[in-house]
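*Asks:* Before I ask anything, let me first share the structure, which is written out below as structure tokens.
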Amino acid sequence: MIDAAAAELDRAAARIDRDGGLPTASIARLRDLGVLAAPLPRAHGGQGLGTEPHGALGLMALLRSIGRADLSLGRLFEGHVNALRLIFRDGDATQRQRAAGDVAGGHLFGLWVTDAEPVRLQGAPDRPTLHGEKLFASGASLVTRALVTATPETGAPRMVLVPLDETRAAGPMPSGLTGMRGAATGRCDLAACAVTREALIGRPGAYLLQPDFSSGAWRGSAVALGGIDRLVDLLRAQLAARGRDSDPHQRVRIGEALIARETASFWTRRAALLAEGEGFAAGDVSATVNLARIACEQSGLAVLALVQRGLGLQAFVQSNPAERVMRDLATYLRQPAPDETLTEAAAWFTGRDLPDPEAA
Ligand SMILES: Cc1cc2nc3c(=O)[nH]c(=O)nc-3n(C[C@H](O)[C@H](O)[C@H](O)COP(=O)(O)OP(=O)(O)OC[C@H]3O[C@@H](n4cnc5c(N)ncnc54)[C@H](O)[C@@H]3O)c2cc1C
28 MIDAAAAELD RAAARIDRDG GLPTASIARL RDLGVLAAPL PRAHGGQGLG
78 TEPHGALGLM ALLRSIGRAD LSLGRLFEGH VNALRLIFRD GDATQRQRAA
128 GDVAGGHLFG LWVTDAEPVR LQGAPDRPTL HGEKLFASGA SLVTRALVTA
178 TPETGAPRMV LVPLDETRAA GPMPSGLTGM RGAATGRCDL AACAVTREAL
228 IGRPGAYLLQ PDFSSGAWRG SAVALGGIDR LVDLLRAQLA ARGRDSDPHQ
278 RVRIGEALIA RETASFWTRR AALLAEGEGF AAGDVSATVN LARIACEQSG
328 LAVLALVQRG LGLQAFVQSN PAERVMRDLA TYLRQPAPDE TLTEAAAWFT
378 GRDLPDPEAA
């Protein structure tokens, strides 16, 4: 789906990284390729990638290939999949139908959770209003259907689907980010956004339901894996181009980078099959995905060090694609609470073994 467009997406990513523009053309390309509609269930005209159990490995391959072309675009697509998955899991028939129509109409969805102070949901039940600001929101000025979490005066947080247009109060994060510039990460003040009762998706607390709350992280790992793929390719190609690939130390680096990549690939595949599969214990699913998240993070960090050591200062020259991909990957690997993620998974699997979704 992506391979033929990869070079074009990579060029766009390099341009946006320099000029700070929005990835509008790359999103349009994904739309034209049918990628934005792929997460819809088959009954709604999609391929069920992320919304039906059979879609696990197809979605992993798609996220990985987009991440390989452009990690920022991968992050935006991952948010789109996440939001649609929650709407099709928890929304009613009308909300699902409307979301499918919106995707057909070209809308980009996003999932915005992070805030400094929890965004509040107030007002009469039939005319709720939002108050507060989302931070580190991917596609803050690009997404046109944002699924946001908001806390009511009483009870657990709700998911609210907010339609957005060019009148939104959004902008980049005040200090910017080192990498992932093409993900248009920013802040969005939701106070000016009108919502209706029909915008509330699922019951109170639905967003936090396990194992989905933790297990969705496998999709971010699949995108990061694409970035690891790209760096391993760049390392091998640039060492060969400079006639340095037969040096025994560089061969060790190439070997170690390939091991790290395959480790990330193994864990992401296992996490995808468990998270998207059926019949596994919820604790096993979230703990395995948590281990997979850390395995991918460790693999990514290892590959970053190998590329820096192997290519040397050339890896820091701004015209070298490795320079941008390294910044993007290093930034993207900063996901929430890694210590807790590892130690909770370790505690879960201290007294039981890991499930194998591919066991006969
Ligand atoms: C490119 C990008 C795009 C993003 N897009 C979105 C988006 O669209 N929507 C959205 O909602 N969010 C988004 N986010 C934000 C993301 O969901 C997380 O909020 C963010 O990645 C958290 O990273 P952190 O390093 O600050 O995590 P932290 O959890 O703060 O971890 C930093 C370190 O502190 C440790 N730590 C954590 N808690 C404690 C504690 N209580 N005491 C002591 N140590 C602690 C951790 O183990 C870790 O070592 C995005 C982030 C990135 C990088």
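Residue 249 in the numbering used here is what sits at position 222 of the sequence shown, and the numbering runs on without skipping anything. We put the beta carbon where it would ideally sit given N, CA and C, even for glycine. Keep in mind the model is a prediction, meaning the values are calculated, not measured.
Run through the DSSP bridge pairs and tell me what cysteine 215 is partnered with.
*Replies:* In DSSP, cysteine 215 forms a bridge with Lys161, Ala197.
*Asks:* How about cysteine 322 and valine 334: are their beta carbons less than 8 angstroms apart?
*Replies:* Correcting the residue type first, residue 322 is alanine in the shown sequence and not cysteine. For alanine 322 and valine 334, no; Cβs fall outside 8 angstroms.
*Asks:* Closer than 7 angstroms to a non-hydrogen atom of ligand 1 - does that hold for the CB of aspartate 216?
*Replies:* No.
*Asks:* How far does the beta strand (DSSP E) with alanine 177 in it extend, from its first residue to its last?
*Replies:* Run containing alanine 177: 172-179, per the beta strand (DSSP E) assignment.
*Asks:* Taking three-plus beta-carbon pairs below 8 angstroms as touching, is the segment 360-380 in contact with the segment 292-304?
*Replies:* Cβ pair count under 8 angstroms is below three, so no.
*Asks:* Quick one: residues in its chain with C-beta nearer than 7 angstroms to the C-beta of arginine 102, no 5 flanking neighbours on either side, listed in chain order?
*Replies:* If we look at arginine 102 and ignore the five residues flanking it on each side, its Cβ neighbours are Ser165, Met207, Ala210, Val250, Tyr359.
*Asks:* To the nearest angstrom, how far is it from the Cα of threonine 377 to the Cα of glutamate 193?
*Replies:* If I take the Cα positions, the gap works out to 51 angstroms.
*Asks:* Looking only at C-alpha atoms, which of Arg38, Ser241, Gly337 sits nearest to glycine 270?
*Replies:* The residue with the shortest Cα to Cα distance from glycine 270 is Gly337.
*Asks:* Just to confirm, are leucine 148 and valine 108 a CB contact at a threshold of 8 angstroms?
*Replies:* No, they are not a contact pair.
*Asks:* Under DSSP, the beta strand (DSSP E) around proline 190 begins and ends at which residues?
*Replies:* Its beta strand (DSSP E) spans residues 185-190.
*Asks:* Could you tell me the boundaries of the alpha helix (DSSP H) in which glutamine 277 lies?
*Replies:* Its alpha helix (DSSP H) spans residues 275-303.
*Asks:* Which of the three DSSP states, helix, strand or coil, is assigned to asparagine 333?
*Replies:* Correcting the residue identity first, residue 333 is leucine in this sequence and not asparagine. Note: leucine 333 maps to helix in three-state DSSP.
*Asks:* Do you know how far the Cα of alanine 268 is from the Cα of tryptophan 139?
*Replies:* Answer to the nearest angstrom: the Cα atoms are 43 angstroms apart.
*Asks:* Using the three-state DSSP reduction, which class does glutamine 74 fall into: helix, strand or coil?
*Replies:* Note: glutamine 74 maps to coil in three-state DSSP.
*Asks:* Following the continuous alpha helix (DSSP H) through glycine 94, name the residue where it begins and the one where it ends.
*Replies:* From DSSP, the alpha helix (DSSP H) with glycine 94 extends over 83-96.
*Asks:* With a threshold of 6 angstroms on Cβ separation, who are the neighbours of arginine 351 within its own chain once the five nearest residues in sequence on each side are excluded?
*Replies:* Asp44, listed in sequence order.
*Asks:* Cα separation between glutamine 74 and proline 384?
*Replies:* Going by the C-alpha atoms only, they are around 22 angstroms apart.
*Asks:* Roughly how many angstroms lie between the CA atoms of proline 50 and arginine 379, to the nearest whole one?
*Replies:* Those two C-alpha atoms are separated by around 45 angstroms.
*Asks:* For histidine 71, does the count of other Cβ atoms within 10 angstroms reach 16, so buried, or fall short, so exposed?
*Replies:* Histidine 71 comes out buried.
*Asks:* What's the gap between the Cα of alanine 364 and the Cα of isoleucine 29?
*Replies:* Whole-angstrom Cα-Cα distance: 32 angstroms.
*Asks:* Shorter than 7 angstroms, the distance from the beta carbon of glutamine 362 to the closest heavy atom of ligand 1, or not?
*Replies:* For ligand 1, at least one heavy atom lies less than 7 angstroms from the Cβ of glutamine 362.
*Asks:* Should the segment 237-247 be regarded as contacting the segment 303-314, the criterion being three or more beta carbon pairs within less than 8 angstroms?
*Replies:* Contact between the segment 237-247 and the segment 303-314 is present, because at least three Cβ pairs lie under 8 angstroms.
*Asks:* For the beta strand (DSSP E) that leucine 148 lies in, which residues bound it at each end?
*Replies:* Per DSSP, leucine 148 belongs to the beta strand (DSSP E) from 147-149.
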